[in-house]
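Its first residue numbered 591, the sequence shown is counted upward by one per residue in our numbering.
Take a look at the structure below.
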Amino acid sequence: MTRVIAKADALLFDMDGTLIDSTPGVLATWKVYEKEHNLDLEEVLRTSHGVRTEDNLKRWCNVKPENIVVETKRFEDMILAEGARLKERGEKGLEILPGARELLSSIPQDKWTIVTSATAHYAKPALEIAQCPLPPKMVTANDVKMGKPHPEPYLTGADKLSQSIENCIVFEDAPSGIKSGVASGAKVLAVCTSHTREQVTGMGATWIVEDLTKVSCTVVDGQLRLEIDESQ
C-alpha cells in the first residue's frame, strides 16, 4: 500500500465525475443531440467530459451565440430530469461517488469549494439530487470567461476562498480539468472515476487514486493534512 501525506490550505473539487456521477443523464441527453445534429457520439463522449456545456454545444452542435443560453439550459435540464427520474425508480441517476461525502464532511467549510464546468442553474440541483454536501461558495460556468482546460476556473476558486492557488490541491477526474488545475499552479489529485489511470497519467497530476475512498483529511494547526493511498 502506497500512502503519502500532503498538506494544503484549501481544496478545490471538480463536480461531475469527481464528487457525483451524472453519466446516465449525460449519455441520455447526448443521444438526443446525436439524432438532432448527426453527431459522432463516440468522439463527442471521448472529448466533452469536464468541458463547459456551452463550449461543447458550440463545438459539436454549432449553436449560435444568441441561442447558447437557452440551449445550455435545455441540455442541463434534460440531465437533471433523467437523473431525477432514474432516482425515483430506484436506479442510478445522479449519485454521489464513493468516499465523497465522508471526505467533504471532514473539511472545514471555509477550506473547500466546488469548481464546475456546469452552470449555476444545474450545479445546485444536481448536488441536491445526489445528496452531496454543498459548499458556501462555488465556482460555475457563469463565473468565468474561459472554461477548463484554461486555468481561470481554478484561479477563481482559490480567490473565492481567499487562498493562494499554490497552496491549494485540485481534485479532478477529466483530462480537461487536470490540465486546468496544473495550469493554474495548484497541485492536482486525479481520481480514476471516469477515465483510466493510463488516460490521466502524464498530464501533470501529482497523485492518482482510484476514487475518493483513498483520501482522508484532518486539520492540524489550521492546515489540511491529507493521507493519500495511491495503491492500485
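Virtual Cβ for every residue (Gly too), placed ideally from N, Cα, C.
Just so you know, these numbers come straight off a predicted model, no measurement behind them.
### Message
Looking at the strands, I want to know which residues DSSP matches up with Lys769.
### Response
Paired residue(s): none; Lys769 is not in a bridge.
### Query
Do Lys677 and Ile719 have their C-beta atoms within less than 8 angstroms of each other?
yes
### Query
If you run the structure through DSSP and keep just helix, strand and coil, what is Cys722?
coil
### Task
Find the nearest neighbour of Ala598 within the set Arg636, Ser821 and Ser754, judged by alpha-carbon distance.
Ser754
### Message
Please list the terminal residues of the continuous alpha helix (DSSP H) segment that includes Ser695.
### Response
Ala690 to Ser695
### Query
If you draw a straight line from the C-alpha of Cys722 to the C-alpha of Leu779, how long is it?
20 angstroms
### Query
So Thr746 and Val734 are in contact, right, with Cβ under 8 angstroms, and what is the actual spacing, rounded?
Correct: roughly 6 angstroms between the Cβ atoms.
### Message
Please report the distance separating the alpha-carbon of Lys727 from that of Lys750.
### Response
Distance between the alpha carbons of Lys727 and Lys750 is about 7 angstroms.
### Task
Assign Lys701 to buried or exposed, taking buried as 16 or more other Cβ atoms, counted over all protein chains shown, within 10 Å of its Cβ.
The residue is buried, with at least 16 neighbouring Cβ atoms inside 10 Å.
### Pair within 8 angstroms by beta-carbon distance, Thr643 and Glu762
When the beta-carbon positions are compared, Thr643 and Glu762 stay at least 8 angstroms from each other.
### Message
Which of the three DSSP states is assigned to Gln699 in this structure?
### Response
helix
### Task
Alpha carbon to alpha carbon, how far is Asn757 from Ala708? Give it in angstroms, no decimals.
25 angstroms
### Message
Measuring straight from C-alpha to C-alpha, what distance separates Asn657 and Asp645?
### Response
13 angstroms
### Query
Counting pairs of Cβ atoms below 8 angstroms between the region 614-622 and the region 662-671, do you hit three or more?
yes
### Task
Starting from Leu802, follow the beta strand (DSSP E) in both directions and report where the run begins and ends.
Counting along the chain, Leu802 falls outside any beta strand (DSSP E), and DSSP gives it neither H nor E.
### Task
Determine the direct distance from the alpha carbon of Gly812 to that of Ser766, and round the result to whole angstroms.
31 angstroms
### Boundaries (first-last residue) of the alpha helix (DSSP H) holding Arg834
Nothing about residue 834 can be read from this structure; the chain reaches only from 591 to 822.
### Task
Measure the Cβ-Cβ separation of Val790 and Cys782 and say whether it is below 8 angstroms.
yes
### Query
Are the beta-carbon atoms belonging to Trp797 and Val659 less than 8 angstroms from one another?
no
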